[in-house]
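Visitor: These protein sequence lines map, in sequence, to chains A and B. The opening position of the first sequence corresponds to residue 1 in the UniProt record's numbering, with each subsequent residue numbered one higher. The opening position of the second sequence corresponds to residue 1 in the UniProt record's numbering, with each subsequent residue numbered one higher. Mind looking over this structure? Questions follow.
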Amino acid sequence: MKEKLDFYSLERPIIALKEQIEALEGSEDSNRREKIAALKAQIEKEWEKIVPKLTAVHIVQIARHPKRPYTLDYIKALFQDFMEFHGDRRFADDPAIVAGLAFYKGQTVAVIGHQKGRTTKARIERNFGQPNPEGYRKALRIMQMAEKFGFPVITFVDTPGAYPGIGAEERGQAEAIAYNLKVISRLKTPIVNVIIGEGGSGGGLGIGFGDALLMLEYAFYSVISPEGCAAILWKDQGPTAVEQAAENLGIRAQKLFELGIIDKLIPEPPGGAHIDHETTFKNVDKHLGQTLKKLQQMSLDDLLAERYRKIRRQGVFETK
Amino acid sequence: MNEGLWTRCNNCQKILYKQDIIDNLKVCPQCNYHFRLGALERLQQLFDDGQFELLDQDIYPVDFLGFQDQQKYEDRLKDSQKKTGLPEAIVTARGTLGGLPVIIQAMEFAFMGGSMGSVVGEKVARAAERAVEEKLPLIIISCSGGARMQEGMMSLMQMIKTAAALARLSEARLPYISVLADPTTGGTTASFAMLGDINIAEPNALIGFAGPRVIEQTIKEKLPKGFQRAEFLLAHGMLDDVVERKYLRNYLIKALRLFLNRPEA
Ligand SMILES: [Zn+2]
Numbered sequence: 001m002k003e004k005l006d007f008y009s010l011e012r013p014i015i016a017l018k019e020q021i022e023a024l025e026g027s028e029d030s031n032r033r034e035k036i037a038a039l040k041a042q043i044e045k046e047w048e049k050i051v052p053k054l055t056a057v058h059i060v061q062i063a064r065h066p067k068r069p070y071t072l073d074y075i076k077a078l079f080q081d082f083m084e085f086h087g088d089r090r091f092a093d094d095p096a097i098v099a100g101l102a103f104y105k106g107q108t109v110a111v112i113g114h115q116k117g118r119t120t121k122a123r124i125e126r127n128f129g130q131p132n133p134e135g136y137r138k139a140l141r142i143m144q145m146a147e148k149f150g151f152p153v154i155t156f157v158d159t160p161g162a163y164p165g166i167g168a169e170e171r172g173q174a175e176a177i178a179y180n181l182k183v184i185s186r187l188k189t190p191i192v193n194v195i196i197g198e199g200g201s202g203g204g205l206g207i208g209f210g211d212a213l214l215m216l217e218y219a220f221y222s223v224i225s226p227e228g229c230a231a232i233l234w235k236d237q238g239p240t241a242v243e244q245a246a247e248n249l250g251i252r253a254q255k256l257f258e259l260g261i262i263d264k265l266i267p268e269p270p271g272g273a274h275i276d277h278e279t280t281f282k283n284v285d286k287h288l289g290q291t292l293k294k295l296q297q298m299s300l301d302d303l304l305a306e307r308y309r310k311i312r313r314q315g316v317f318e319t320k
Numbered sequence: 001m002n003e004g005l006w007t008r009c010n011n012c013q014k015i016l017y018k019q020d021i022i023d024n025l026k027v028c029p030q031c032n033y034h035f036r037l038g039a040l041e042r043l044q045q046l047f048d049d050g051q052f053e054l055l056d057q058d059i060y061p062v063d064f065l066g067f068q069d070q071q072k073y074e075d076r077l078k079d080s081q082k083k084t085g086l087p088e089a090i091v092t093a094r095g096t097l098g099g100l101p102v103i104i105q106a107m108e109f110a111f112m113g114g115s116m117g118s119v120v121g122e123k124v125a126r127a128a129e130r131a132v133e134e135k136l137p138l139i140i141i142s143c144s145g146g147a148r149m150q151e152g153m154m155s156l157m158q159m160i161k162t163a164a165a166l167a168r169l170s171e172a173r174l175p176y177i178s179v180l181a182d183p184t185t186g187g188t189t190a191s192f193a194m195l196g197d198i199n200i201a202e203p204n205a206l207i208g209f210a211g212p213r214v215i216e217q218t219i220k221e222k223l224p225k226g227f228q229r230a231e232f233l234l235a236h237g238m239l240d241d242v243v244e245r246k247y248l249r250n251y252l253i254k255a256l257r258l259f260l261n262r263p264e265a
């Protein structure tokens with residue numbers, strides 16, 4: 001049987017071109033601008049060949065790519081004067097979620113997101129972006145602070161899921177998420193969510209819903225990880241079962257857009273967000289800015305009524 | 001001996017006369033083990049004279065993703081409907097409890113593990129909206145493995161849908177009592193089951209966000225005794241009380257009287 005290539009093998013030609021670009025960028029070559037442009041065109045060509053071959057598992061691998069931009073990268077690129085605030089005032093500070101205030105396009109906003117680490121040490125410190133209840137309670141505290149001062153809320157979703165641990169259960173992981181959902185549904189300020197990487201189940205949803213859900217083209221949002229789904233329904237965690245689970249779950253941004261769960265798809269640069277952070281930031285900024293502007297033109301009553309209508313539309317069933 | 005008349009208790013292993021268990025609200029007369037109840041049995045035990053009117057029975061699930069694991073979702077639905085005689089994993093009913101009009105929803109574990117897909121979410125939302133409209137209290141008896149994988153992300157969206165509808169019930173200042181039966185886990189716990197004005201559970205009910213096996217695999221340690229059981233949650237401040245089935249009906253009546261400010265005449 002022919003083994004399917006994983007995404008890291010598929011993207012090798014693009015990585016090679018990207019390395020050539022990086023080498024040129026630091027060089028004194030007088031023709032470097034033309035050469036870089038040519039290489040970028042080549043990346044685009046290579047990518048066009050790869051895109052039709054992308055399986056749901058490849059998309060999961062792109063979404064989890066270790067070089068993909070994380071929440072703090074977006075904050076650094078798109079926001080000014082970010083002040084991170086810590087702690088839930090109940091138990092602890094959860095490094096898997098960052099939260100605080102910042103300026104965005106000249107106004108104060110609350111910004112909240114899951115945060116993964118880039119190095120092994122940072123990954124462990126951030127618990128691989130898997131929050132404990134404290135993370136959700138901190139997020140809620142900042143959201144309610146935003147409501148009080150009339151600041152919009154922007155969240156970045158990127159988590160494998162809420163942490164399955166003893167302490168998390170003891171301190172009410174389920175209650176923390178449930179309570180966030182209840183409060184978010186009535187929070188009197190605009191909320192925009194951007195799914196930037198992994199939208200892992202309830203752990204994503206705890207800060208991943210509001211007035212507008214934007215999603216990067218190769219991010220995914222799923223009820224359960226494909227691995228978890230395969231283990232339960234296929235009783236198998238081998239690549240074939242995971243592949244089938246991922247395809248069946250319908251986790252692609254395009255599919256979620258068709259189902260009316262996602263409001264806006266944000267295109268990624270050729271190769272995926274990790275190949276070109278700058279273009280990714282630009283794309284996110286454009287859609288985020290437009291969306292926020294539109295929401296801020298609505299009255300609070302209209303905003304909340306529309307939020308509820310949107311929530312109530314979620315579901316597919318038939319009446320007999 | 002007629003085998004059909006006898007059964008073995010899952011907990012104390014004693015051989016019991018089936019009718020004795022049924023007469024005892026499906027609780028083992030020897031060891032107090034609470035057997036799982038079907039949704040309709042639950043409603044019969046709670047409502048006055050076991051009488052109630054079923055609502056929203058006309059909403060049916062759809063296999064909109066064409067989900068197929070070892071079995072087609074479509075077939076799983078048909079099997080569950082045949083086995084339970086119910087269209088979905090939750091029933092909504094209106095009736096009286098101690099003379100007080102109330103809406104009660106009960107989940108059916110035998111229907112795909114009581115999992116929450118679009119229909120369960122829709123029915124919870126409709127029940128909460130109806131409660132607001134008719135100014136009725138709401139009671140939900142959860143018994144569920146969580147969000148239904150076969151409806152993908154749409155199942156996850158039911159968490160926010162139920163929470164949002166309950167937020168409106170809350171703003172209308174109508175009581176919502178959540179009763180957690182064995183087991184209540186995943187997206188069900190992380191949405192409507194934990195959002196009651198009071199949350200109570202049956203003895204020894206497994207309640208959690210993550211399943212115990214997932215936690216064990218993650219932390220690679222054995223879990224403490226009684227972990228994620230109702231008594232454990234009570235001790236950790238996550239429940240208002242643990243209530244034995246034989247007291248449940250009276251507990252709910254008393255609680256409703258207090259919430260509604262209706263002392264017994
Ligand atoms: Zn027994």
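Every residue gets a Cβ at the ideal spot worked out from N, C-alpha and C, and that includes glycine. These figures come from a predicted structure and were not determined experimentally.
Applying a beta-carbon distance threshold of less than 8 Å, which residues of chain B neighbour A/Ala56?
Guide: Those within 8 Å of A/Ala56 in chain B number zero; the least Cβ separation is about 11 Å.
Visitor: Short of 6 Å in beta carbon distance, which residues of its chain neighbour A/Lys2, apart from the five on each side in sequence? Order them along the chain.
Guide: Note on A/Lys2: pLDDT 48, under 50, position unreliable in the model; no value is reported.
Visitor: Could you check whether the Cβ of A/Gln173 sits closer than 7 Å to any Cβ belonging to chain B?
Guide: At a cut-off of 7 Å between beta carbons, A/Gln173 contacts chain B.
Visitor: Leaving aside the five residues before and after A/Ile195 along the sequence, list all residues of the same chain whose C-beta is less than 6 Å from its C-beta, in chain order.
Guide: The beta carbon of A/Ile195 sits closer than 6 Å to the beta carbons of Val157, Met215, Ala219 and Tyr221 from its chain, once the five residues preceding and following it are set aside; these are given in chain order.
Visitor: Could you tell me if the beta carbon of B/Tyr17 falls within a distance shorter than 6 Å of some heavy atom in ligand 1?
Guide: no
Visitor: Establish whether the CB of B/Gly187 and some CB of chain A are separated by less than 7 Å.
Guide: yes
Visitor: Where A/Ala102 and A/Arg171 are concerned, what is the direct C-alpha to C-alpha distance, given to the nearest angstrom?
Guide: 30 Å
Visitor: Skipping 5 residues on each side, what residues in its chain have a beta carbon closer than 7 Å to that of B/Phe52?
Guide: Leu43, Ala93, Arg94 and Gly95
Visitor: Count the other CB atoms within 10 Å of the CB of B/Thr84; is the residue buried (16 or more) or exposed (fewer)?
Guide: Flag for B/Thr84 reads buried.
Visitor: Kindly list the residues whose CB is nearer than 7 Å to the CB of A/Ala246, restricted to its own chain and excluding five residues on each side of it in sequence; keep chain order.
Guide: Only Ala56, Val57, Val60 and Pro226 meet the Cβ criterion.
Visitor: Under 8 Å: do the region 203-212 of chain A and the region 228-241 of chain A share three or more Cβ pairs, one atom per stretch?
Guide: no
Visitor: What's the gap between the Cα of A/Lys320 and the Cα of B/Gly145?
Guide: Taking the CA atoms as reference points, A/Lys320 sits about 26 Å from B/Gly145.
Visitor: Does any residue of chain A have a CB that is nearer than 7 Å to the CB of B/Ile215?
Guide: yes
Visitor: Kindly say whether A/Gly315, judged by its beta-carbon, lies nearer than 7 Å to any beta-carbon of chain B.
Guide: True, the Cβ-Cβ gap to chain B drops below 7 Å.
Visitor: When you compare the CB positions of A/Val223 and B/Met149, do they come within less than 7 Å of one another, or not?
Guide: yes
Visitor: Can you tell me whether A/Gly149 is buried or exposed? The criterion is at least 16 other CB atoms within 10 Å of its CB, across all chains shown.
Guide: One point to set straight first is that residue 149 of chain A is Phe, not Gly, in the sequence displayed. Looking at its Cβ environment, which holds fewer than 16 other Cβ atoms inside 10 Å, A/Phe149 is exposed.
Visitor: Quick one: which chain B residues come within Cβ less than 7 Å of A/Lys320?
Guide: Asp58 and Tyr60
Visitor: The beta strand (DSSP E) spanning A/Asp158 covers which residue range?
Guide: Val153 to Thr159
Visitor: Closer than 7 Å by C-beta to A/Phe91: which residues in its own chain qualify, once you throw out the five before and the five after it? Chain order, please.
Guide: Glu134 and Arg171
Visitor: At least one CB of chain A closer than 7 Å to the CB of B/Met1: is that the case?
Guide: Residue placement at B/Met1 is flagged as unreliable, the pLDDT there being 43, under the threshold of 50; a coordinate-derived value is accordingly withheld.
Visitor: I'd like to know whether the C-beta of B/Ile200 is nearer than 7 Å to at least one C-beta of chain A.
Guide: no
Visitor: Contact criterion: CB-CB distance below 7 Å. Does A/Ser185 meet it with respect to chain B?
Guide: yes
Visitor: With DSSP as the reference, identify every bridge partner of A/Glu198, one or two as the case may be.
Guide: A/Phe220
Visitor: Go ahead and pull the three-state DSSP assignment for A/Arg186.
Guide: Coil.
Visitor: Straight-line CA distance for A/Phe257 to A/Lys264?
Guide: 7 Å
Visitor: Applying a beta-carbon distance threshold of less than 8 Å, which residues of chain B neighbour A/Ser9?
Guide: Those do not exist, as A/Ser9 stays about 27 Å from chain B at its closest Cβ, beyond 8 Å.
Visitor: Any idea if B/Met1 is buried or exposed, counting beta-carbon neighbours within 10 angstroms, 16 or more meaning buried?
Guide: Confidence is the limiting factor: at B/Met1 the pLDDT is only 43, short of 50, which leaves the residue's position unreliable and the question unanswerable from this model.
Visitor: Hey, would you say the C-beta of B/Tyr33 is under 6 Å away from at least one heavy atom of ligand 1?
Guide: yes
Visitor: Please identify the residue among A/His274, A/Met298 and A/Glu243 whose C-alpha is closest to the C-alpha of A/Leu5.
Guide: For A/Leu5, the nearest C-alpha among the options comes from A/Glu243.
Visitor: Residues in the same chain with beta-carbon distance under 7 Å from A/Ile14, minus the five sequence neighbours each way, listed in chain order, please.
Guide: When the five nearest sequence neighbours on each side are left out, the beta carbons in the same chain lying within less than 7 Å of the beta carbon of A/Ile14 are those of Ile43, Glu46, Trp47, Gly271 and Ile275, in order along the chain.
Visitor: Mapping the DSSP letters down to three states, classify A/Phe91 as helix, strand or coil.
Guide: coil
Visitor: Since B/Ala125 meets chain A, which of its residues come closer than 7 Å, beta carbon to beta carbon?
Guide: Arg312
Visitor: Can a CB atom of chain B be found closer than 7 Å to the CB of A/Leu295?
Guide: Not one chain B Cβ lies under 7 Å of A/Leu295.
Visitor: Any beta carbon of chain A sitting closer than 7 Å to that of B/Arg228?
Guide: Reading the sequence as shown, one finds Gln at residue 228 of chain B and not Arg. For B/Gln228, the answer is yes, since a Cβ of chain A falls inside 7 Å of its Cβ.
Visitor: Please confirm whether any heavy atom of ligand 1 lies closer than 6 Å to the CB of B/Asn24.
Guide: no
Visitor: Give, in chain order, every residue of the region 98-111 of chain B whose Cβ lies closer than 7 Å to some Cβ of chain A.
Guide: Within the region 98-111 of chain B, not one residue has a Cβ closer than 7 Å to any Cβ of chain A.
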